[in-house]
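Residue numbers (our numbering): 190 to 463.
One structure below.
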Amino acid sequence: MTIGLQSAVALRRPRVLPIYFGVLVFLLYLPLAVLLLFSFNSGTSLSFPLQGLSLHWYQRLFDSPEVLRAARNSIIVAVASGTAATLLGTAVALLLTRFRFRGESFLFALAMLPLVVPVVVLAVALLVLFLAIGIDRSLWTVAIGHTVVALPFVVLIVTARLAGFDRDLEDAAMDLGAHYPKVIAMIVLPLIAPAVISAWMVAFTVSLDEFALALFLAGNDVTFPVYLFSQLRFASRLPVMIALAVLLMMATLALVLLAEWIRRRGHRNVTDTR
């Protein structure tokens with residue numbers, strides 16, 4: 190009887206799970222699909238039926254110097270914070286996976302702390318710190334905050350790649366007389382480069398989408414999400430902001446998919462060479 194019930198559950202499960210997954214994906218992406226649809230609406234009313242299809246709002250978006258300036262600011266911050274987080278995160282990942290030292294667990298917990306601390310609390314703490322030491326708010330203070338937030342993602346991605354790395358390659362290089370810093374530079378880093386690039390793209394995406402830190406730490410120059418939020422108060426600007434939100438969403442999705450593709454391709458290439 191028990192075997193029969195288990196067989197019935199096993200036969201039923203493949204049918205239920207795809208339906209559940211499909212409904213979940215539908216509910217998650219339905220608001221995004223509606224947002225995409227309204228970005229092509231020729232009218233200003235956010236209601237059905239649509240008044241027509243047009244690229245008018247996208248044209249107005251690219252004709253606005255304020256929008257282009259905010260986009261440039263976000264890219265500057267994302268590149269700076271992504272690079273800093275990747276350098277620091279890769280160093281922390283190498284330290285955690287290749288060395289044994291007192292305080293190893295504490296270092297890992299410290300690197301993961303931004304994942305559990307509310308972003309608003311972190312933003313207030315950084316704001317108080319910058320004010321206390323006399324640093325004016327600017328795009329660079331935003332970049333510092335985004336580096337802190339993106340660091341755990343880099344550590345996790347690079348650590349996962351290093352955990353599956355063939356240590357025999359390092360041992361063979363050292364047996365041939367190479368010092369360990371040279372082994373890291375000439376053997377380890379080139380082989381984990383796809384994971385490092387993927388981590389940089391994820392850090393770039395995290396910075397591009399982050400709002401709370403940018404709101405607290407930005408000075409006169411604002412980033413893309415902060416500018417988007419500030420314009421939502423004006424009804425006449427809402428269609429343009431919807432078009433802006435769609436472009437930001439598409440760029441984020443493309444970067445995440447590209448990062449995952451690079452990470453998987455790098456892992457597959459290393460596996461095939463074994």
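Glycine included, each C-beta is placed from N, C-alpha and C at the ideal position.
Residue i to residue j, Cα distance in whole Å?
i: residue 445; j: residue 347; result: 16 Å
i: residue 307; j: residue 206; result: 33 Å
i: residue 301; j: residue 290; result: 18 Å
i: residue 249; j: residue 296; result: 48 Å
i: residue 263; j: residue 412; result: 5 Å
i: residue 400; j: residue 257; result: 18 Å
i: residue 440; j: residue 377; result: 31 Å
i: residue 365; j: residue 353; result: 23 Å
i: residue 215; j: residue 318; result: 43 Å
i: residue 200; j: residue 209; result: Confidence at residue 200 is low in this model, with a pLDDT of 49, below 50, so the placement of that residue should be treated as unreliable; the coordinate-derived value is given next. Their backbone Cα atoms lie some 16 Å apart in a straight line.
i: residue 386; j: residue 448; result: 7 Å
i: residue 453; j: residue 323; result: 44 Å
i: residue 388; j: residue 398; result: 16 Å
i: residue 230; j: residue 213; result: 27 Å
i: residue 423; j: residue 409; result: 20 Å
i: residue 415; j: residue 259; result: 9 Å
i: residue 370; j: residue 391; result: 27 Å
i: residue 349; j: residue 242; result: 46 Å
i: residue 284; j: residue 299; result: 14 Å
i: residue 373; j: residue 442; result: 32 Å
i: residue 204; j: residue 244; result: 41 Å
i: residue 428; j: residue 404; result: 22 Å
i: residue 358; j: residue 273; result: 28 Å
i: residue 288; j: residue 311; result: 30 Å
i: residue 137; j: residue 419; result: The question about residue 137 has no answer here: the residues shown for the chain are numbered 190 through 463.
i: residue 286; j: residue 305; result: 22 Å
i: residue 238; j: residue 327; result: 43 Å
i: residue 223; j: residue 217; result: 11 Å
i: residue 303; j: residue 261; result: 26 Å
i: residue 253; j: residue 211; result: 39 Å
i: residue 433; j: residue 246; result: 9 Å
i: residue 313; j: residue 329; result: 16 Å
i: residue 309; j: residue 279; result: 26 Å
Which first and last residues belong to the alpha helix (DSSP H) in which residue i is found?
i: residue 395; result: 382-398
i: residue 336; result: 328-352
i: residue 261; result: 254-287
i: residue 377; result: It is not in any alpha helix (DSSP H) - residue 377 carries neither H nor E in the DSSP assignment.
i: residue 296; result: 293-305
i: residue 405; result: 401-406
i: residue 290; result: Taken as a continuous stretch (DSSP letters only), residue 290 belongs to no alpha helix (DSSP H), as it is neither H nor E.
i: residue 313; result: 308-321
i: residue 413; result: 413-420
For residue i, write down the residues that DSSP places opposite it in a beta bridge.
i: residue 230; result: 242
Kindly give me the distance between the Cβ atoms of residue i and residue j, rounded to whole angstroms, as I take these residues to be in contact under 8 Å.
i: residue 225; j: residue 435; result: 5 Å
i: residue 395; j: residue 342; result: 6 Å
i: residue 417; j: residue 331; result: Residue 417 to residue 331, Cβ: 15 Å. No contact.
i: residue 251; j: residue 431; result: The pair is not a contact, with the Cβ atoms about 15 Å apart (cut-off 8 Å).
i: residue 406; j: residue 315; result: 6 Å
i: residue 271; j: residue 393; result: 4 Å
i: residue 383; j: residue 451; result: 5 Å
i: residue 351; j: residue 381; result: 6 Å
i: residue 221; j: residue 438; result: 6 Å
Using only the heavy atoms of the ligand ATP, determine whether one of them is closer than 7 Å to the beta carbon of residue i.
i: residue 329; result: Annotation note on the ligand ATP: not contained in the displayed structure, which lists no ligands.
State yes or no: is the beta carbon of residue i nearer than 8 Å to at least one beta carbon in chain C?
i: residue 219; result: Any reference to chain C falls outside this structure, which holds one protein chain only.
Open item on the list: Check whether the segment 332-341 and the segment 265-273 touch, using three or more Cβ-Cβ pairs below 8 Å as the test.
Closed with: They touch, by the three-pair rule.
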